[in-house]
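Notes for the one structure printed next.
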Amino acid sequence: MPGRSSRRWNALGVAAAGALLLAGCGTDGEAAAGEAAGGETHSHEGDAHASGEEVTLEHVHGLGVDPGDGELYAGTHYGLVRISESGELTRIADRVQDFMGFTVAGPQHYLASGHPGAGQGGPGNLGLIETTDGGQTWETLSLAGEADFHALDAADGTIYGYSGGQLLVSEDGEEWADRGDMRIADLAADPADPQRVLATTEAGLVVSEDAGGTFTAVEGAPLMVLVDIAADGGQAAGVAPDGTVFSSTDAGETWAEAGNVGGAPAALTVEENEVYVAVDGAVLASTDGGATFTELYRER
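Just so we're aligned: 82 in the numbering used here is position 102 of the sequence shown, and the numbers increase by one with no gaps anywhere.
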């Protein structure tokens, strides 16, 4: 999920970029404020949305392509939603729940975090949750009541999560190593080397070669808020706060400007040469590495 070319926050400025970082890759303001204050974010008790209602893409927190069926999935404020090639939306299991930090780990195997929906029990922060049946059912793996992962990625069993200003790393989804305080907007674990992870920060793109133990700046990389690495190779993409898209063919070591999605990005995923970006009210798709985009879905 990546891209690079300058160390400015472009047209949005530092203040706006900082707001994006605090929002944790497209979270709503209430959730961002709760995390910034160090407290639990809200549950969805009393939310107007209910199962059986028309499905929309409100507050997309994560995108991922299932390698089993090739379908695009979005973790949103009101459920896990499948987006067909024709832009048709289907809420999986008709479950209205806030899916934060959503990432695809394998065929029908997804990881997420978030908050319960209306009528659901459990703590306000769900910790790390997992499905192995394409989102039909979910199981809590760890950190229930504690973690609210606003950024989450995994490669070959190594899981990276960002919650409450701290980077956490796990080899099994149950026991976690605390890598300390950081200000991160997004994470991208390298499928070719699970010890290698990229992170977008206010200071620019950084990389760790030791599973988050230490980080160094990626020289020449542009300032981006979202980043991703494709599961099947070195193709990567990233998006700046103003919507400029950058591409990489070497897993984020070097970057070139590609295209533009026309606004602040909320979520990003990359599969081979396909790039999907969620922006306000829409999901855009590219088949040429991010150079050009068409609308896969737009809210009417």
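Ideal Cβ placement from N, Cα and C applies to all residues, glycine included.
Can you name the residues that DSSP bridges to residue i?
i	result
L52	V45 and I63
I139	A134 and S150
N240	T224
Y58	Partner(s): none; Y58 has no beta bridge.
E119	E110
R71	V61
V40	T56
E342	This structure gives no information on residue 342, because the portion of the chain shown stretches from -19 to 280.
P245	V259
L206	V219
Answer with buried or exposed for residue i, where buried requires no fewer than 16 other C-beta atoms within 10 angstroms of its C-beta.
i	result
A210	buried
D133	buried
R280	exposed
D128	buried
Q215	buried
D230	exposed
A183	exposed
G239	buried
V193	Here the sequence assigns Gly to residue 193, which means Val is not the residue at that position. The residue is exposed, with fewer than 16 neighbouring Cβ atoms inside 10 Å.
S320	Absent from the model: residue 320. The displayed extent of the chain is -19 to 280, so no value can be given.
D161	exposed
T117	exposed
D46	buried
F273	buried
S66	exposed
For residue i, which residues from the same chain have a beta carbon less than 6 Å from its beta carbon, with the 5 sequence-adjacent residues on both sides left out?
i	result
R75	G59
E254	T267
E51	R62
G242	G223
Excluding the five sequence neighbours on either side, which residues of its own chain have a C-beta within less than 7 Å of the C-beta of residue i, listed in chain order?
i	result
S153	Per the sequence shown, residue 153 should be read as Gly rather than Ser. The residues are L108, E110, L121, S122 and I139.
D113	Q88
Excluding the 5 residues flanking residue i on each side, which residues of the same chain have their C-beta closer than 8 Å to its C-beta?
i	result
D136	P171 and P174
L69	V35, T36, L37, V61, R62, I63 and Y277
D212	P171, E251 and E252
Which residues mark the beginning and the end of the beta strand (DSSP E) in which residue i is found?
i	result
W156	W156 to D161
R280	That residue, R280, is in no beta strand (DSSP E); it is neither H nor E in DSSP.
M80	D78 to G86
Q175	D173 to T181
Going by the beta-carbon positions, is the gap between residue i and residue j smaller than 8 Å?
i	j	result
T196	V186	yes
A246	V259	yes
W235	A265	no
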